[in-house]
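Residue numbers (our numbering), protein chains in the order written: chain A, 1 to 232; chain B, 1001 to 1349.
Take a look at the structure below.
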């Protein structure tokens, strides 16, 4: 019991005094996961929307693949990214293994199917005739897609936030490709693993509290989006 | 579509400023035809020519689409204000803000929703939403407007009120209109010509009177079901009843009209009663005319009797009554019907 209480007390001390290291780790987490989410937003929303709006042979298979991708275990992604970036691997010449860039790559691979899958559902859920109505108002294909994206803005936002939520709390791939190097590739999750292993529960708890706050904030926003007034 | 031939239409031409209604049962292909005409669906064979020019390249397609507009059975509004909804077609065309302002207000006024401009589209009633959808379609000042059963999802009073407004806007703007409906009264009220569709083909095209009085086949006749139709002008109104004059005879009917209005009247054949003598004083039927039986047609369980009372009138009569009255062609007979049996539609001309 003492360990826990002591740990919590120390954690709040670190947070209130704005401990350099804790802040640094938090900032790095946000930058890396933010970048990954940003990239996955472009790839995910565009492909998700494109698949939602088109008919082509094999479409069902593509949709299944996307949905399967949403459940991809992050450690598996970590393994494949590591192999690709390994010294003698296909992309080894880039020498980016154990850098923040590698984490961004891995997290993008993890987040993209999530964003893609939810975007696909968001666009497909729009009324079937809406696309025709927009075209009937004289829109070019590009204008039509833009208007549909605007119409589905809230579910699409939910898709992006789900992507962010998935990667900010990810640890397996981040350790494997990042290397958990202090001040360089050490993020909230990887640092927590390390500090817990060392028995530094105060730091570990401080980091966890921040992580919890981030997770709860995301979920609160997602819930709000979900529960917003439904159209008549 | 998907390998199944949904539409098989040899040809149709629509004149500028004309209102054409496509009527037919569900599944006849009306919506599909409308979408094909608006080039929202591609036909595997055939061409559409707009003002003499064929539509084939991408450029002419966009030009064509920007000259037309469409409203569907569901309002399909965007998740924003009524103002932004009505303005959407104008925004798509890149019009500037100040011009948009004026046009949106004008069309909101025309459809009676000016007071709702700032309201969110999610907070509208069914009728208000459909008005917004129509205002949006008309705000782009289309050369042709396609309406796919725009009143179907509304309750009768809302439908009536909206139909009046649409009728007025169509006449004022002289917009060429092609409207699909399964309600013949809507078609009769609003259209210059009617095209009756069945199973993907157009069975008959003509003015409402032509289609109603001279149906080209069994299907049209039974779909239309109103055997007697005539037009007249309202001459008198009294005691909740109005009188319209047709071929020199005065016919009494019930309806909200003013003296001088042009009206279309229909009477279902089952509401016409035949008798040997003038029953005017003895029944509540206010209309009683002497006429001659022109033709008697067996219809299975009953007979269809076509009469000439100065104007054409059709009655349905049972075998029993045929016997009792000894009905035969060329026989003189009295025909009567109640004022309340006359279905009346005011024609705006």
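Each residue gets a CB set at the ideal place from its N, CA and C atoms; glycine is no exception.
Check whether residue i and residue j have beta carbons under 8 Å apart
i: residue 1116(B); j: residue 1082(B); result: yes
i: residue 1034(B); j: residue 1144(B); result: no
i: residue 196(A); j: residue 178(A); result: no
i: residue 37(A); j: residue 216(A); result: no
i: residue 1251(B); j: residue 1342(B); result: yes
i: residue 1247(B); j: residue 1311(B); result: yes
i: residue 1325(B); j: residue 1276(B); result: yes
i: residue 116(A); j: residue 32(A); result: no
i: residue 1055(B); j: residue 1037(B); result: no
i: residue 206(A); j: residue 14(A); result: yes
i: residue 1284(B); j: residue 1236(B); result: no
i: residue 1136(B); j: residue 1085(B); result: yes
i: residue 118(A); j: residue 159(A); result: yes
i: residue 1024(B); j: residue 1182(B); result: yes
i: residue 85(A); j: residue 94(A); result: yes
i: residue 51(A); j: residue 120(A); result: yes
i: residue 1180(B); j: residue 1301(B); result: no
i: residue 1150(B); j: residue 1130(B); result: yes
i: residue 1293(B); j: residue 1327(B); result: yes
i: residue 1291(B); j: residue 1265(B); result: no
i: residue 1274(B); j: residue 1315(B); result: yes
i: residue 1146(B); j: residue 1068(B); result: yes
i: residue 1241(B); j: residue 1286(B); result: yes
i: residue 156(A); j: residue 149(A); result: yes
i: residue 1040(B); j: residue 132(A); result: yes
Amino acids of chain B, ordered along the chain, whose beta-carbon sits closer than 8 Å to that of residue i
i: residue 129(A); result: 1072, 1074, 1076
i: residue 132(A); result: 1035, 1040, 1070, 1072
Separation of residue j from residue i, as counted between CA atoms
i: residue 1196(B); j: residue 1050(B); result: 22 Å
i: residue 1063(B); j: residue 1139(B); result: 17 Å
i: residue 187(A); j: residue 75(A); result: 16 Å
i: residue 1200(B); j: residue 1009(B); result: 7 Å
i: residue 113(A); j: residue 43(A); result: 9 Å
i: residue 27(A); j: residue 17(A); result: 16 Å
i: residue 1095(B); j: residue 1175(B); result: 21 Å
i: residue 1332(B); j: residue 1306(B); result: 12 Å
i: residue 1126(B); j: residue 1288(B); result: 43 Å
i: residue 1317(B); j: residue 1323(B); result: 10 Å
i: residue 1172(B); j: residue 1110(B); result: 10 Å
i: residue 1018(B); j: residue 1070(B); result: 16 Å
i: residue 88(A); j: residue 97(A); result: 11 Å
i: residue 247(A); j: residue 1153(B); result: Given a span of 1 to 232 for chain A in the structure shown, any question on residue 247(A) remains unanswerable.
i: residue 1027(B); j: residue 1007(B); result: 11 Å
i: residue 64(A); j: residue 126(A); result: 20 Å
i: residue 1002(B); j: residue 1230(B); result: Below a pLDDT of 50, predicted positions are generally treated as unreliable, and residue 1002(B), at 48, falls in that range; no measurement from the model is reported.
i: residue 1255(B); j: residue 1161(B); result: 16 Å
i: residue 130(A); j: residue 1249(B); result: 52 Å
i: residue 1014(B); j: residue 225(A); result: 48 Å
i: residue 232(A); j: residue 128(A); result: Note that residue 232(A) has pLDDT 42, beneath the 50 cutoff, so the model's placement of it is unreliable and the number below is only indicative. Whole-angstrom Cα-Cα distance: 17 Å.
i: residue 35(A); j: residue 192(A); result: 21 Å
i: residue 1239(B); j: residue 1267(B); result: 21 Å
Under 7 Å by beta carbon: chain A residues contacting residue i
i: residue 1062(B); result: 140
i: residue 1250(B); result: Those within 7 Å of residue 1250(B) in chain A number zero; the least Cβ separation is about 48 Å.
i: residue 1165(B); result: Here the premise fails: no neighbours, minimum Cβ distance about 20 Å.
Cβ shell of residue i (< 6 Å), same chain only, five flanking positions each side left out
i: residue 10(A); result: 202
i: residue 210(A); result: 26
i: residue 1205(B); result: 1195
i: residue 69(A); result: 113
i: residue 6(A); result: none
i: residue 77(A); result: 106, 109, 110, 173
i: residue 1192(B); result: 1018, 1019
Contact set between residue i and chain A, taken where Cβ atoms lie within less than 8 Å
i: residue 1038(B); result: 136
i: residue 1140(B); result: 137, 138
i: residue 1066(B); result: 138
Beta-carbon proximity list for residue i, same chain, < 7 Å, skipping 5 on both sides
i: residue 221(A); result: 161
i: residue 1346(B); result: 1257, 1261, 1263
i: residue 183(A); result: 24
i: residue 1030(B); result: 1022, 1024, 1180, 1197
Interface residues of chain A facing residue i [CB-CB closer than 9 Å]
i: residue 1118(B); result: The premise fails here: residue 1118(B) is roughly 16 Å from chain A at the closest Cβ pair, so nothing lies under 9 Å.
Listed by chain order, chain B residues near residue i by CB distance under 7 Å
i: residue 143(A); result: 1092
Residue-chain proximity (residue i, chain E), Cβ-Cβ < 8 Å
i: residue 151(A); result: This model lacks chain E altogether; the protein chains it does include are A and B.
Beta-carbon contacts of residue i that lie in its chain and below 8 Å, excluding the five residues immediately before and after
i: residue 228(A); result: 154
i: residue 1329(B); result: 1293, 1294, 1295, 1296
Query raised in the report: For the stretch 1087-1099 of chain B, which residues have a CB atom closer than 7 Å to at least one CB atom of chain A, in sequence order?
Result: Listed by position, the residues of the stretch 1087-1099 of chain B near chain A (Cβ gap below 7 Å) are 1088, 1089, 1092, 1093.
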